[in-house]
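Q: Shown below is the structure under consideration.
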Amino acid sequence: MLDVGKWPVFALLPPEELRLIRQACVFGSAANEAIYVTVSDEVFALGTNCSGCLGLGDTQSTIEPRRIDILCGKKIVSLSYGTGPHVVIATADGEVYSWGHNGYSQLGNGTTNHGLTPALVSTSLIGKRVTEVACGSHHTIALTTEGEVYAWGYNNSGQVGSGSTANQPTPRRVSSCLQNKVVVNIACGQLCSMAVLDNGETYGWGYNCNGQLGLGNNGNQQTPCRIAALQGINIVQVACGYAHTLALTDEGFIYSWGANSYGQLGTGNKSNQAVPTLINMEKERMVEVAACHTSHTSVAKTQSGQVLMWGQCRGQVVAYPHLTHFTSTDDVFACFATPAVTWHLLSVDGDDYLTVAQSLKREFDSPEISDLKFLVDGKCIHVHKALLKIRCEHFRALLNETDEETIEIHQFSYLVYRAFLEYLYTDTINLPPEDAIGLLDLSTYYRESRLKRLCQETIKRGITEENAITLLSAAVKYEARDLEEFCFKFCVNHLTAVTQTQAFADMDHDLLKNFISKASRYGAFKN
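In the numbering used here, each residue carries its 1-based index in the sequence shown increased by 14.
Rendered as structure tokens:
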């Protein structure tokens, strides 16, 4: 569970108030401002309130939380902030609100007047649904459901991507070479912007004197430029520090580039890099990278849940990724970043009240009040007949025909069957990606369509060049169309390496024939 108590700005809140917090963000030059959302979707702010950044209608500091009435019930899905600071949010309805410092039109309202209360950013965004926002020091970019990027604010280095260095007072679509392309992830450094496309390509624009755009030079860019050095490498997430960038690949590798005076690139030295450099992570697969435009700290999380940090860590230079005892990337920023702000919108789970879902999860495989057990590979799994009947048509039919208190299962392994039963209690899969194929088989057999979709997503996270063909074969066998398409595209994007694996050599003849035919239509064999 995430503990907002690690951030000193929350230190005076009583425990009963802390338990109500569902989302939170800490920001400001000294991490002395905070905004949080409660379980009842009320929004509160506290702190020094520089430039009216708390959205309370005045510039008075407040040590006690005050409610931001206009945001209550809005359901915030994304929040970012600048160094002014200015604050920008996106709501579940796709609306954008902004407030705070506006000296460079970073609020997108066409003026340079500071905004003391949250105001809807409507110009140019009417009819658009924004899903994600990102702020640099004094500029803002927003991502829509259609994969379009809009930008506004400070533009001295081209960070708005308009082709000029004139400040942009209202949202303007970033087109140029992003025209007709679908962006899926955005991030901002102090004076630059980054975007990841649905095909894994990465583009950057804006300030580049430290090489933070990854283009192999130090020239600023007024329009988006594709990072050619990442050709053939599929990026799924980018994160920007003050003047450096981290990128996570679909295989769980991390590349870094840009400023490195604090070791924030994780290369073992303090030399800047103008092109993406692969960080040595001891073969551990990474699932998340984190950085914040206010600091020189870098963080990553492994598939097994370990958190590593490097860069500027409480004044120290950490030039290699350092393993921590933390379980969340957020904890590193609370304890080691300068200032100790949050790098994204935190999500906080309560711990004293158990919901229905939490209560069911606690009772899974607990013999105390169970009335049925499954015997699989000689091991028992304790469950409740009523819940199984409610959750699964297969069990409703089976248990209506039998009064047995023990049922033996021979078709599936203990690991797979336990994961299936646990899913019925929790709606989640607790299984490593490499073991999820067996669960995919089970979900197909029991006609559990939602479980089948979850299996596909779990398997996707574990795909590598070595196992891609094996996963593709499984997807075809179990008629998992979405997974099949994902695996096929991965194989095509990593064609040379995949065709050299033993799995490819052992590939079923018909599957191989279909793969080559489809890959040819896809253009994989063009010079």
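Glycine is no exception: its CB is placed at the ideal position from the N, C-alpha and C atoms.
Comparing alpha-carbon positions, which option in 385, 415, 441 and 425 lies nearest residue 370?
A: When only C-alpha atoms are compared, the closest one is 441.
Q: Could you tell me if residue 276 is buried or exposed, where buried requires 16 or more neighbouring beta carbons within 10 angstroms of its beta carbon?
A: buried
Q: Ends of the alpha helix (DSSP H) at residue 376?
A: 370-377
Q: Taking the C-alpha atoms as reference points, what is the distance between residue 60 and residue 34?
A: 16 Å
Q: Going by DSSP, what residues sit across from residue 199 in a beta bridge?
A: 210
Q: Whose C-alpha, out of 314, 246, 289 and 309, is nearest the C-alpha of residue 268?
A: 314
Q: Indicate whether at least one CB of chain C lies closer than 7 Å to the CB of residue 477.
A: Reference to chain C is not applicable here, since this structure consists of a single protein chain.
Q: Go ahead and label residue 307 buried or exposed: buried means 16 or more other beta carbons lie within 10 angstroms of its beta carbon, across all protein chains shown.
A: buried
Q: Specify, as a first and last residue, the run of the alpha helix (DSSP H) that residue 466 falls within.
A: 463-474
Q: Would you mind working out which of 204, 24, 223 and 235 sits nearest residue 217, comparing C-alpha positions?
A: 235
Q: Secondary structure at residue 287, three-state DSSP: helix, strand or coil?
A: Residue state, collapsed to three classes: strand.
Q: Does DSSP put residue 385 in a helix, in a strand, or in coil?
A: coil
Q: For residue 449 and residue 430, what's the separation of their Cα atoms in angstroms?
A: 7 Å
Q: Roughly how many angstroms separate the alpha carbons of residue 171 and residue 118, rounded to a whole number?
A: 13 Å
Q: Nearer than 6 Å: is that true of the beta carbon of residue 65 relative to any heavy atom of the ligand ADP?
A: As presented, the structure is devoid of all ligands, the ligand ADP included, so that no description of it is given.
Q: DSSP three-state call for residue 364: helix, strand or coil?
A: Reliability fails at residue 364, whose pLDDT of 48 lies under 50, so the model's placement of it is uncertain and no value is given.
Q: Looking only at its chain, what residues have a beta carbon closer than 6 Å to the beta carbon of residue 328, apart from the 5 residues adjacent to it on each side?
A: Same-chain partners within the cutoff: 350.
Q: Quick check on the DSSP output: the alpha helix (DSSP H) that includes residue 438 runs from which residue to which?
A: 428-440
Q: By Cβ distance, which residues of its chain are closer than 6 Å to residue 379, with the 5 residues on each side in sequence left out?
A: 395 and 396
Q: Which full runs of the beta strand (DSSP E) of 3+ residues lie inside the segment 86-156, going along the chain?
A: Fully enclosed beta strand (DSSP E) runs of 3 or longer: 90-95, 100-105, 110-114, 129-134 and 144-149.
Q: With distances taken Cα to Cα, identify the nearest neighbour of residue 32 among 46, 51 and 42.
A: 51
Q: Could you tell me which of 89, 264, 260 and 496 sits nearest to residue 247, measuring between CA atoms?
A: 264
Q: CA-CA distance, residue 116 and residue 182?
A: 12 Å
Q: Can you give me the Cβ contacts of residue 221 inside the same chain, cut-off strictly under 6 Å, excluding the 5 residues immediately before and after it?
A: Excluding residues within five positions, the ones whose Cβ falls inside 6 Å are 171, 205, 206 and 234.
Q: Nearest CA to the CA of residue 534: which residue from 337, 138 and 506?
A: Per the Cα distances, 506.
Q: How is the alpha helix (DSSP H) around residue 51 delimited, first residue to last?
A: Not the alpha helix (DSSP H): residue 51 falls in the beta strand (DSSP E), residues 47-52.
Q: Is it right to say residue 281 is buried, meaning 16 or more other beta carbons lie within 10 angstroms of its own, or is it exposed?
A: Here residue 281 is buried, its C-beta having at least 16 other C-beta atoms within 10 Å.
Q: Let me know if residue 89 comes out buried or exposed under the rule of 16 or more other beta-carbons within 10 Å of its beta-carbon.
A: Exposed is the call here.
Q: Is the beta carbon of residue 237 closer than 7 Å to that of residue 177?
A: Yes. Within cutoff.
Q: With DSSP as the reference, label residue 64 as helix, strand or coil.
A: helix
Q: Which of the three DSSP states, helix, strand or coil, is assigned to residue 484?
A: Residue state, collapsed to three classes: helix.
Q: Would you give the residue range spanned by the beta strand (DSSP E) that residue 337 belongs to?
A: 330-337
Q: Less than 7 Å between the C-beta atoms of residue 517 and residue 478, yes or no?
A: no
Q: Under 7 Å, do residue 359 and residue 344 count as touching if we go by C-beta distance?
A: With respect to residue 344, residue 359 sits apart: the two C-beta atoms are not nearer than 7 Å.
Q: Are the Cβ atoms of residue 151 and residue 97 separated by less than 7 Å?
A: At a Cβ-Cβ threshold of 7 Å, residue 151 and residue 97 count as neighbours.
Q: Closer than 8 Å is the cut-off here; do at least three beta carbon pairs connect the segment 374-391 with the segment 320-338?
A: no
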